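Each remark here refers to the structure printed beneath this line.
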Amino acid sequence: MRILAVVVIVCGMFVNVNAARAESPWIGVHFMVYTDKMLDQLAEQLPALSKRGVTHLILEINYHFAYKSHPELAPTNGITVVGAKKFADTARAHHIEIIPQINCLGHQSWKQNNAALLKHYPQFDETPGAYPDNKDIYCRSWCPQHPEVNRVVFALIDELIDAFEAKAFHVGMDEVFLIASEHCERCRGGDPAALFAKAVNDLHGHIVGKRGVQMLMWGDRLLDAEQTGYGKWEASGNGTAPAIDRIPKDIVLCDWHYEKRDRYPSLAVFLDKGFRVWPAGWKKPEAAEAFAAAARGCQNPRLLGYLCTTWGAVEIPNLADWPALLRPIEKIIAP
Ligand SMILES: [Zn+2]
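This note's numbering applies: residue 567 is where the sequence shown begins, and numbers increase by one.
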């Protein structure tokens, strides 16, 4: 009884501690890919990944694709339609679902370099003209209220969905720090939660509403940093958290936490709101194992499994034997 009580407290009031899983657990790997060559290398790992129990692969592509709708955003050596189709066919043969990703809203720059969208459309910048060389900021954002930005981004999303014949799409949206900026003539003085929710709902309207494709996103901006006790990176300290009550419940929230913790209150927050939750860890095997164990302890059918992020910490040839992938898998799919 004591154990059951703990499970209920940790995982929320809607938890049925005896509930069986509605489907097999989702065992995912998130990988950033830039070229067809990388896809070919990754394809060689698919048999081993499938054997380990991997069911999903999130490919973060961003602007590294030969976009036909917006060739001005395409790199010279990006992923091609042919390369994407070849990879998707191979993945399907190994029963692995591909989820392409463009990181939306935030992460529009890295260090001093702006990503292709803001390079070619500087008018989409939430902080136009501010922070020269991206000094004193983490990453740039696009403006969720710019009247033209969705038209461009939706076309890119469509191309990736079509190229990979994807049934699901990941929109990123983590670590958005620049929102409702004083430097934006449209958003100045606005409510960060309302603006974040608008961006989510616009994307949902296209991806789910128009395309009929499942939408996933990172969950950090929907968590209150103070209430959950997480820091301002893996939760929000900039006013976006109330957006959690203003977005559709059919979005899968990827709840990332990379350090070992005694408890992971975000699982209960998201499950109690009615979302499906995909817990995501990174490179520390003991932290990944602890998070996976906490997730499994929820015994909630809306808790999907485990997602292993990589962020450059493992080379493709070593991926299938990476302890940070294998140890949490043991926790999720062990009998
Ligand atoms: Zn704006």
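Don't be surprised by glycine CBs; every beta carbon is placed ideally from N, CA and C. Treat the numbers as computed from the prediction; the structure is a model and nothing was measured.
| Query | Result |
| --- | --- |
| For PRO694, is the beta carbon positioned less than 7 Å from some heavy atom of ligand 1? | no |
| For ligand 1, is there a heavy atom less than 7 Å away from the beta-carbon of GLN711? | yes |
| Using C-beta distances below 8 Å, list every residue in its chain close to GLY709, excluding the 5 sequence neighbours before and after it, in chain order. | Rather than Gly, the amino acid found at residue 709 in this sequence is Cys. Here the set comprises PHE690, ASP691, GLU692, VAL715, CYS750, ARG752 and CYS753. |
| Which parts of the segment 737-777 are runs of the alpha helix (DSSP H), unbroken and 4 residues or longer, counting only runs that do not cross its ends? | 758-770 |
| Unbroken alpha helix (DSSP H) runs of length 4 or more, entirely within the segment 840-865: which are they? | 851-864 |
| How about ALA858 and LYS815: do their beta carbons lie closer than 8 Å? | no |
| Within 7 Å: the Cβ of CYS750 and any heavy atom of ligand 1? | yes |
| Would you say CYS753 touches ligand 1, meaning its beta carbon is less than 7 Å from a heavy atom? | yes |
| Between the C-alpha atoms of THR875 and TRP888, what's the straight-line distance to the nearest angstrom? | 11 Å |
| Mind reading off the beta-carbon distance from VAL779 to ALA734? Whole number of angstroms is fine, and I expect it under 8 Å. | 6 Å |
| On the three-pair Cβ rule with 8 Å, is the segment 758-774 touching the segment 631-648? | no |
| Touch check for the segment 816-835 and the segment 854-869: three-plus C-beta pairs under 8 Å? | yes |
| Tell me the DSSP bridge mates of THR875? | HIS596 |
| If you check the beta carbons only, do ILE624 and GLY672 fall under 8 Å apart? | no |
| Need the endpoints of the beta strand (DSSP E) that ASP821 sits in, please. | 818-822 |
| For GLY738, is the classification buried or exposed, using 16 other Cβ atoms within 10 angstroms of its Cβ as the cut-off for buried? | buried |
| Give me the Cα-Cα distance between ARG658 and GLU792, rounded to the nearest whole angstrom. | 42 Å |
| Give a yes or no on whether the C-beta atoms belonging to ALA681 and TYR629 are separated by under 8 Å. | yes |
| Does DSSP put SER707 in a helix, a strand or coil? | coil |
| Could you tell me which of SER707, PRO688, CYS820 and ASP821 sits nearest to ALA765, measuring between CA atoms? | SER707 |
| Could you tell me the alpha carbon to alpha carbon distance between LYS839 and ASN767, rounded to whole angstroms? | 17 Å |
| Would GLN611 be called buried (16 or more neighbouring beta carbons within 10 Å of its own) or exposed? | buried |
| Just how far apart, CA to CA, sit ALA886 and VAL599? | 16 Å |
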